[in-house]
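S.K.: Numbering (the working numbering), first residue to last: 270 to 921. Backbone N, C-alpha and C define an ideal beta-carbon position, used for all residues, glycine too. What you are looking at is a predicted structure, and each value in this text was computed from that prediction instead of being measured. I have a structure I would like to understand better, so I am pasting it below and will then ask my questions one at a time.
Put into structure tokens, the structure is as follows:
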């Protein structure tokens, strides 16, 4: 059986019917509006068609809110005229207002609206429609600091291979080599070993090049073409965790984007700078709202907005240097961060395993996209800013600073390391990584040789002085809090202290906790970017900069908006003296340049002197190998870059 036709509770007068109809209009309750139509109109117009007419008109006009004001009601017997004012607030073309009059009739024992299309908007009476002529700016590019493209908008053709469809491999390789400029071996390497039904993108080529070779490309089995006027990420993704990628508007955010004047079918930034920079990269939509006849002839223009052109983003990266850093990390699980210590600029940031952002925009790359999303190694995670790890011995830099500033130590304070430490009692013996120990050494030598017993002893002394002292120093070095980098997501990590342990574990802070923290173990977790930031402060005289990956926002091409720089921002100073910083630098230089230093054999003989600190951090899991850290700077005598490397489960 058909559902019953909605009916309204009969109002006492036409004013009540008019108010009820308009209130439902403001709520965009189209079924509620329909209940207030007179029966004779309902007999000619079903509720679904009525709803569609309103939804179509309001969606076309990008209406955000509807406001009505009932002005007057004049009644003559069984008829009445209600004058009202209608206001549409739209996302794209501003405010639209109209004065209208609706007729009401008394039929079948109740008052109702004698409805027609003109009550949606006056100009729609007689079957006219609304039409929005959209003006959508082309998406602006993302560049490195020199203007080399990282993410560009252009018409390209993706040339790819489906391995299982190849019938004449040599012919395929010859054709693709001629089109792409790659060698047959390079092409073959890209699809060899891949699943037979996967579409493997080989290269994106200019549209005109594809036309010159179109017959050969279309007639060679195994070659697939995907034409697109879309985003292209250079070299399979330069800094993909920073640049991000675009995609269709997520369903859960569609209303949000439409409220900003989006049509709804655009591709928008969904990760990285593509997402953060959406207001700049996409510009502002414009459009002309017109009334047209059912035949498409323009009757009038109701409103228009010109919109705003898009603007490019310039990063602090160097494209070629970033590519080299990514190649060095390779398929290892970990991260590399390279900072300019003098202003906090990110010169390179790599996270592994990486991913090709073109998998999210290439029309035939669905299999790769699904593989990236399903990969248990989580390639979309930016381990440089979102990976949290125990720091291990690189934390000894902070412990040394606290010892020099608050613990009564000097750079030359002596300690005799036998390879065994019993400061927590005979039941809690701790051993050094070097069997037999380091002998009698200074604090500076303790850092360069990463002597665990020395720093256990320092940790115990600091704990006995004040259990909060070392955690507070760690926070003063920027740990346990976001760095404040703009444009990419990051996590805070954790600096444990007595209050944290009591609140989260219900236990008191012990001497063992203080000792573990002194060598970067226990509950401490950090991001590689946080480490690079405080090492940069060691180098630059103690200034903690807000790391920056955005150098500037480019000027509007039409000159309407000037270039907007993102200058360096000094946030705070480390609570240490220049003498303390110099002592730490001596220890880091010794780690790489003096015999006995933990990285001496790795850096011996380099033409550029490097200073640094190695770290081995215990990883979760009984069988897991420890994480490997290196934090350093170069040249050691005139630092221009700070480099932090983390490789998960790499061992000593």
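Does the pairing of the region 659–678 with the region 845–865 give three or more beta-carbon distances under 8 Å?
M.R.: Cβ pair count under 8 Å is three or more, so yes.
S.K.: Answer yes if the region 307–324 comes into contact with the region 340–351, meaning at least three C-beta pairs across the two stretches below 8 Å, and no otherwise.
M.R.: no
S.K.: According to DSSP, is residue 782 part of a helix, a strand, or is it coil?
M.R.: helix
S.K.: Using 8 Å as the threshold, is the region 673–684 in touch with the region 706–716, meaning 3 or more CB pairs across them?
M.R.: yes
S.K.: Check the DSSP bridge columns for residue 577 and list the partner residues they point to.
M.R.: 553
S.K.: Smallest Cα separation from residue 415: which of 882, 637, 589?
M.R.: 589
S.K.: Less than 8 Å between C-beta atoms, sequence neighbours within five positions excluded: which residues of the same chain meet that for residue 320?
M.R.: 299, 300, 303
S.K.: Closest to residue 879 by C-alpha separation, out of 326, 624, 860, would be which residue?
M.R.: It is 860.
S.K.: Measuring alpha carbon to alpha carbon, tell me which residue in 693, 808, 755 is nearest residue 727.
M.R.: 693
S.K.: Can you give the Cα-Cα distance for residue 664 and residue 718, rounded to whole angstroms?
M.R.: 14 Å
S.K.: With 16 other CB atoms within 10 Å as the buried threshold, where does residue 410 fall?
M.R.: Residue 410 sits buried, since 16 or more C-beta atoms from the chains shown fall within 10 Å of its C-beta.
S.K.: Residue 517 and residue 674 - do their beta-carbons sit closer together than 8 Å?
M.R.: The answer is no: Cβ separation not under 8 Å.
S.K.: Could you have a look at residue 399 and say whether DSSP puts it in helix, strand or coil?
M.R.: strand
S.K.: Can you name, in chain order, every residue of its own chain whose Cβ lies under 8 Å from the Cβ of residue 270, other than the five neighbours on each side?
M.R.: Note that residue 270 scores 49 on pLDDT, short of 50, meaning its location in the model is unreliable; the coordinates nonetheless yield the value given after this. Around residue 270: no qualifying Cβ.
S.K.: Quick one: what's got a C-beta closer than 8 Å to residue 305's C-beta in the same chain, skipping five residues either side?
M.R.: 277, 286, 289, 290, 293, 381, 382
S.K.: Nearest by alpha-carbon distance to residue 874: which of 847, 867, 862 is it?
M.R.: 862
S.K.: Around the C-beta of residue 476, are 16 or more other C-beta atoms found within 10 angstroms, so that it is buried, or is it exposed?
M.R.: exposed
S.K.: Going residue by residue through the region 713–786, where are the continuous alpha helix (DSSP H) segments of at least 4 residues, counting only ones entirely within it?
M.R.: 721–734, 738–745, 767–774
S.K.: Rank 586, 330, 493 by C-alpha distance to the C-alpha of residue 511 and give the top, closest one.
M.R.: When each option's Cα is compared against that of residue 511, the closest is 586.
S.K.: Suppose the cutoff is 7 Å on Cβ atoms and the five residues either side in sequence are ignored; what does the same chain contact list for residue 839 look like?
M.R.: 812, 814
S.K.: For the region 344–420, which segments carrying the beta strand (DSSP E) assignment without a break, of at least 3 residues, lie completely within its bounds, in sequence order?
M.R.: 348–359, 364–376, 379–382, 398–404
S.K.: Could you name the residues that DSSP lists as bridge partners for residue 623?
M.R.: Bridge partners of residue 623: none, in fact.
S.K.: Is the separation between the beta-carbon of residue 529 and that of residue 640 shorter than 8 Å?
M.R.: no
S.K.: Please classify residue 270: does DSSP put it in a helix, a strand, or coil?
M.R.: Unreliable placement is indicated for residue 270, whose pLDDT of 49 sits below 50; the coordinate value is still reported in the next sentence. Coil, per DSSP.
S.K.: If the criterion is Cβ atoms closer than 8 Å, does the pair residue 404 and residue 448 meet it?
M.R.: no
S.K.: Nearest-angstrom Cα distance between residue 795 and residue 746?
M.R.: 11 Å
S.K.: Under a three-way DSSP split, which group does residue 838 fall into?
M.R.: coil
S.K.: Report the rounded CA-to-CA distance for residue 440 versus residue 489, giving the unit in angstroms.
M.R.: 7 Å
S.K.: Would you mind giving the Cβ-Cβ distance between residue 616 and residue 819, rounded to the nearest angstrom? I have them listed as a contact below 8 Å.
M.R.: Wrong, their Cβ atoms sit about 13 Å apart, outside the cutoff.
S.K.: Measuring straight from C-alpha to C-alpha, what distance separates residue 679 and residue 463?
M.R.: One C-alpha to the other measures close to 59 Å.
S.K.: Please state whether DSSP places residue 286 in a helix, a strand or coil.
M.R.: helix
S.K.: Between residue 581 and residue 400, which are expected to be in contact by the criterion C-beta below 8 Å, what is the C-beta distance as a whole number of angstroms?
M.R.: The pair is not a contact, with the Cβ atoms about 32 Å apart (cut-off 8 Å).
S.K.: For the beta strand (DSSP E) containing residue 470, list its first residue and its last residue.
M.R.: 469–475
S.K.: Three or more beta-carbon pairs under 8 Å between the region 520–527 and the region 382–391, yes or no?
M.R.: no
S.K.: Hey, quick one: how far does the beta strand (DSSP E) through residue 707 stretch, first residue to last?
M.R.: Element bounds for residue 707: n/a, residue is neither H nor E.
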